[in-house]
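Undergrad:
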Amino acid sequence: MDIESKINLRTGRRMPVMGLGTWQLTRDTAGTVRHAIDIGYRMIDTASDYGTQPAAGEAIRTSNVPREKLYIVTKIEEIDDAYEASKSYVKEMGLDYADLILIHRPPETGAGEDLWKGLIRARDEGIARDIGVSNYSMSLINELASATGEVPAVNQIEWSPFGHSMAMFSYCRENDIVIQAYSPLTRTDRLDDARLAQLAEKYKKSPAQLLLRWNLQLGTVPIPKANQKPHLEENIDIFDFEISEEDMEIFGSLNERYSALGALPYD
Ligand SMILES: NC(=O)c1ccc[n+]([C@@H]2O[C@H](COP(=O)([O-])OP(=O)(O)OC[C@H]3O[C@@H](n4cnc5c(N)ncnc54)[C@H](OP(=O)(O)O)[C@@H]3O)[C@@H](O)[C@H]2O)c1
Numbered sequence: 031m032d033i034e035s036k037i038n039l040r041t042g043r044r045m046p047v048m049g050l051g052t053w054q055l056t057r058d059t060a061g062t063v064r065h066a067i068d069i070g071y072r073m074i075d076t077a078s079d080y081g082t083q084p085a086a087g088e089a090i091r092t093s094n095v096p097r098e099k100l101y102i103v104t105k106i107e108e109i110d111d112a113y114e115a116s117k118s119y120v121k122e123m124g125l126d127y128a129d130l131i132l133i134h135r136p137p138e139t140g141a142g143e144d145l146w147k148g149l150i151r152a153r154d155e156g157i158a159r160d161i162g163v164s165n166y167s168m169s170l171i172n173e174l175a176s177a178t179g180e181v182p183a184v185n186q187i188e189w190s191p192f193g194h195s196m197a198m199f200s201y202c203r204e205n206d207i208v209i210q211a212y213s214p215l216t217r218t219d220r221l222d223d224a225r226l227a228q229l230a231e232k233y234k235k236s237p238a239q240l241l242l243r244w245n246l247q248l249g250t251v252p253i254p255k256a257n258q259k260p261h262l263e264e265n266i267d268i269f270d271f272e273i274s275e276e277d278m279e280i281f282g283s284l285n286e287r288y289s290a291l292g293a294l295p296y297d
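Note that the numbering used here has the sequence shown beginning at 31, numbered continuously upward.
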């Protein structure tokens, strides 16, 4: 496995095994994303409410890497008309299509069936190659799927050794849904955990690298955000070691349903 490796989606298309998050990637956003692409990142995660769509699009358009080798994820909001918003966000990025468009979070009531139908139309018209959800519980995904017959390709959720759920993991496995792991570095909150430091020492890697490698080995797709170049470099230097099965179990035992955002939106 390396930074160019991909994971299969239920639709037959493929997605890079890790990406770059852009929430609060505010320091020269286009330059930073462009640098990330130069050093090997192939997937960029953005959203209209991050304010980073135009810069992410600019970096993709001006990069030396062909568009088809890059993967852009964006999200529509609960208040959007999903179909119209998909068109306008892709246009805002100056691109012909997004690789993946997600419902950013479920609406306060219901599962967001209308949003989902709008995304299905956007996908059918080629505005998005694939569609999925974010911050969805298992029951909300079931609702969308039974209302439309369309199962999301991806559920993007907060996910780290300190906050995850094996019930959600198994559900996604069974339904062929890829988990994209947001805040995979716990927004730095748990990087100084003593048990993590011990494992990092053992593998001669940083705590951040171990958190990301744990995702790769589980088959979940981390999208760490980094403004700083040394962080960008460190976060993709995770393909030259393997966490043992025994230590993967230790990682599992770190789970305390930790959430940088307040609470995990799933059981
Ligand atoms: N769908 C959703 O609702 C949702 C919610 C939250 C996040 N997301 C997505 O997921 C992405 C990642 O999550 P996040 O931004 O919340 O948090 P994160 O990736 O867990 O953490 C980002 C923080 O970690 C620092 N960092 C990065 N690499 C590091 C390293 N090697 N060593 C030490 N510190 C390091 C960054 O610092 P510097 O920036 O200073 O380098 C930044 O302060 C977001 O950017 C966004 O794209 C989605």
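We treat Cβ as the ideally placed atom computed from N, Cα and C, and that holds for glycine.
Remember, predicted model here, so these are calculated numbers, not experimental data.
Spatial neighbours of D267 within its chain, please: C-beta separation below 7 Å, excluding the five flanking residues on both sides.
TA: The residues are Q239.
Undergrad: If we count the other Cβ atoms within 10 Å of its Cβ and call it buried at 16 or more, is D126 buried or exposed?
TA: Counting Cβ neighbours within 10 Å, D126 comes out exposed, since fewer than 16 surround it.
Undergrad: So is the beta-carbon of D75 under 7 Å away from any non-hydrogen atom of ligand 1?
TA: At least one heavy atom of ligand 1 is nearer than 7 Å to the Cβ of D75, so yes.
Undergrad: For the beta strand (DSSP E) holding P254, just list the boundary residues, first then last.
TA: It is not in any beta strand (DSSP E) - P254 carries neither H nor E in the DSSP assignment.
Undergrad: Where L315 and V47 are concerned, what is the direct C-alpha to C-alpha distance, given to the nearest angstrom?
TA: Residue 315 lies beyond the range of the chain shown here (31 to 297); nothing can be said about it.
Undergrad: Decide if the segment 280 to 293 is in contact with the segment 94 to 109; the criterion is three or more beta carbon pairs, one per stretch, under 8 Å apart.
TA: As far as the Cβ criterion goes, the segment 280 to 293 does not touch the segment 94 to 109, which means the pair count is below three.
Undergrad: Between P136 and ligand 1, is the CB less than 7 Å from at least one heavy atom?
TA: Flag unset: Cβ of P136 not near ligand 1.
Undergrad: Flag G81 as yes when its Cβ comes closer than 7 Å to any non-hydrogen atom of ligand 1, and as no otherwise.
TA: False, no ligand heavy atom lies under 7 Å from that Cβ.
Undergrad: Pick helix, strand or coil for D58, following the three-state DSSP scheme.
TA: Coil, per DSSP.
Undergrad: Could you round the C-beta distance between I67 and L100 to whole angstroms and report it? I think they count as a contact, below 8 Å.
TA: Yes, they are in contact, since the Cβ atoms of I67 and L100 sit about 7 Å apart, within 8 Å.
Undergrad: Please say whether S236 and E264 have beta carbons closer to each other than 8 Å?
TA: Cβ distance < 8 Å, so E264 and S236 count as in contact.
Undergrad: Would you check if the distance between the CB atom of R225 and the CB atom of I273 is smaller than 8 Å?
TA: Cβ distance not < 8 Å, so R225 and I273 don't count as in contact.
Undergrad: Is the Cβ-Cβ distance between I150 and S116 less than 8 Å?
TA: No, the Cβ-Cβ distance between I150 and S116 is not below 8 Å.
Undergrad: From T62, R57, Y296, pick the residue whose C-alpha is nearest to that of Q186; which is it?
TA: Residue Y296 is the option with its Cα nearest to Q186.
Undergrad: Quick test of the definition: if touching needs 3 or more C-beta pairs under 8 Å, does the segment 81 to 99 touch the segment 132 to 144?
TA: The segment 81 to 99 vs the segment 132 to 144: no contact.
Undergrad: Given a threshold of 16 other Cβ atoms within 10 Å of its Cβ, counted over all protein chains shown, does E138 qualify as buried or as exposed?
TA: That one is exposed.
Undergrad: Between D30 and R72, how many whole angstroms is the CB-CB distance? I'm expecting something under 8 Å.
TA: Here the chain comprises residues numbered 31 to 297, so residue 30 is not present and cannot be evaluated.
Undergrad: Are D129 and I102 touching if we call contact CB-CB under 8 Å?
TA: Yes, the pair counts as a contact, with Cβ atoms nearer than the cut-off.
Undergrad: Around the C-beta of P260, are 16 or more other C-beta atoms found within 10 angstroms, so that it is buried, or is it exposed?
TA: Answer is exposed; the Cβ neighbour count stays below 16.
Undergrad: In the structure shown, what three-state DSSP assignment does S213 receive?
TA: Coil, per DSSP.
Undergrad: Measuring straight from C-alpha to C-alpha, what distance separates Y166 and T250?
TA: Their Cα atoms are separated by approximately 16 Å.
Undergrad: What do you get for D75, buried or exposed, if any count of 16 or more other CB atoms within 10 angstroms of its CB means buried?
TA: Result: buried.
Undergrad: DSSP has I106 in a bridge; who is on the other side?
TA: Answer is I133.
Undergrad: Between the C-alpha atoms of A85 and M45, what's the straight-line distance to the nearest angstrom?
TA: Their Cα atoms are separated by approximately 21 Å.
Undergrad: How many angstroms separate the CA atom of H134 from the CA atom of A211?
TA: Roughly 14 Å between the two C-alpha positions.
Undergrad: Is any heavy atom in ligand 1 found nearer than 7 Å to the beta carbon of T250?
TA: Answer for T250: no, Cβ out of range of ligand 1.
Undergrad: So, helix, strand or coil for N38, using DSSP?
TA: Strand.
Undergrad: Counting C-beta neighbours from all protein chains within 10 Å, is the total for A293 16 or more, i.e. buried, or is it exposed?
TA: So A293 counts as exposed.
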